[in-house]
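Numbering (this note's numbering), first residue to last: 45 to 298.
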């Protein structure tokens, strides 16, 4: 059940170019794939909250990982330990956990944010976790040290060849699916997700994608984050903030 909380920043560090990790002093008991709406200023400017994926949650507090790319997140980046933030969450549906003994997680850029929490959850459920992380270049590959014990396999890919596989991360995905189809979870740019779903479909692998969208309210009232989906009954429009942000791959990419 979403709730509004005032939390205090315990840690706020720059972990990669323009990427910051914020640790708060309280938890919201979110599921992997859910998100929060965070107020970035004590004033009404900017008026709208910013949606951020839950990077981790638990006894250590809520953890957020975000890229400071716009005015709102740049204001958020200025906050220091001890400052307070206003949080609304958890919001959205989160990732489903299947009965499969293993899963492949595909992250693109800042899409790594929700997948780290999912990796820990899957590992604690006794599943093998294959983590594939793609970015434009090596310095954009932020992999938290705390997450590596939960990974069975970790592979990276960069567009410029500065780390890991030289090329799209979906090429690495295909190499693993050739060994056997398992559920594939993804978060990242739309082009990467579309390619991920296309590759997985060739091997009859189930896919789940976490979509990014501009959100105003975060609770489905404003209809500002509507996305076209494809279902058995035909085309339909769903709200990313309420019906998502996680959808089955075939629902959103044809």
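We treat Cβ as the ideally placed atom computed from N, Cα and C, and that holds for glycine. Since the structure is predicted, the reported quantities are computational estimates derived from the model, not experimental observations.
Checklist line | Closest residue to residue 264 among 195, 141, 150, 135 (Cα-Cα distance) | finding: Ranked by Cα distance from residue 264, the first of 195, 141, 150, 135 is 135.
Item checked: Rounded C-alpha distance that separates residue 86 from residue 256 -> Approximately 25 Å between the Cα atoms of the pair.
Margin query: Helix, strand or coil, according to DSSP, for residue 55 in the structure here?
Written below: Three-state result, residue 55: strand.
Notebook entry, point to check: Of the residues 268, 232, 228, 267, which one's Cα is nearest the Cα of residue 294?
Noted result: Residue 228 is the option with its Cα nearest to residue 294.
Margin query: On the criterion of 16 or more Cβ atoms from any shown chain inside 10 Å, does residue 58 qualify as buried, or is it exposed?
Written below: When all chains shown are included, residue 58 counts as exposed.
Notebook entry, point to check: What three-state label does DSSP hand residue 216 in the structure shown?
Noted result: Residue 216: helix per DSSP, three-state reduction.
Check: Tell me which same chain residues have a C-beta within less than 7 Å of the C-beta of residue 121, skipping the five on either side of it?
Finding: Around residue 121: 64, 112.
Next item on the list: With DSSP as the reference, label residue 298 as helix, strand or coil.
Entry: Residue state, collapsed to three classes: coil.
Notebook entry, point to check: Taking the alpha carbon of residue 49 as the point to measure from, which residue in 69, 61, 90, 211 has its own alpha carbon closest?
Noted result: With distances taken between Cα atoms, residue 49 lies closest to 69.
Item checked: Short Cβ contact (9 Å threshold) for residue 52 with residue 129 -> Yes, the Cβ-Cβ distance between residue 52 and residue 129 is below 9 Å.
Check: Applying the criterion that 16 or more other CB atoms from any shown protein chain within 10 Å of the CB defines a buried residue, is residue 73 buried or exposed?
Finding: Exposed: under 16 other Cβ atoms inside 10 Å.
Note to self: Just verifying my parser: in three-state terms, what is the DSSP assignment at residue 183?
What the structure shows: Helix.
Checklist line | Beta-carbon spacing of residue 202, residue 219 below 9 Å | finding: Not in contact: residue 202 and residue 219 (Cβ atoms no closer than 9 Å).
Next item on the list: Confirm, please, whether the CB-CB distance from residue 231 to residue 155 is below 9 Å.
Entry: In this structure, residue 231 lies closer than 9 Å to residue 155 by Cβ.
Check: Going by the CB atoms, is the gap between residue 291 and residue 243 shorter than 9 Å?
Finding: It is not a contact, given that the beta carbons lie outside the stated cut-off.
Note to self: Taking the straight line between their C-alpha atoms, what separation do you get for residue 157 and residue 109?
What the structure shows: The straight-line gap separating the alpha-carbon atoms of residue 157 and residue 109 is approximately 6 Å.
Check: Taking the C-alpha atoms as reference points, what is the distance between residue 299 and residue 161?
Finding: This structure cannot speak to residue 299, because the chain is shown only from 45 to 298.
Next item on the list: Put residue 106 into one of helix, strand or coil per three-state DSSP.
Entry: Correct three-state label for residue 106: coil.
Check: To the nearest whole angstrom, what separates the beta carbons of residue 273 and residue 241, a pair I think is in contact under 8 Å?
Finding: That pair is no contact at about 13 Å.
Item checked: Own chain partners of residue 186 with C-beta closer than 7 Å, once the 5 adjacent residues on each side are dropped -> Closer than 7 Å at Cβ, skipping near neighbours: 59, 60, 63, 156.
Margin query: Do residue 249 and residue 280 have their beta-carbon atoms positioned less than 9 Å apart in this structure?
Written below: No. Outside cutoff.
Check: For residue 173, which of 182, 239, 102, 151 has the nearest alpha-carbon?
Finding: With distances taken between Cα atoms, residue 173 lies closest to 151.
Check: When the Cα atoms are used, what is the spatial distance from residue 127 to residue 66?
Finding: Residue 127 and residue 66 have their C-alpha atoms roughly 11 Å apart.
Next item on the list: Check whether the Cβ atoms of residue 102 and residue 83 lie closer than 9 Å to each other.
Entry: Taking 9 Å as the Cβ cut-off, residue 102 and residue 83 do not qualify as a contacting pair.
Next item on the list: Taking residue 93 as the reference, give the member of 81, 99, 104 with the closest Cα.
Entry: With distances taken between Cα atoms, residue 93 lies closest to 81.
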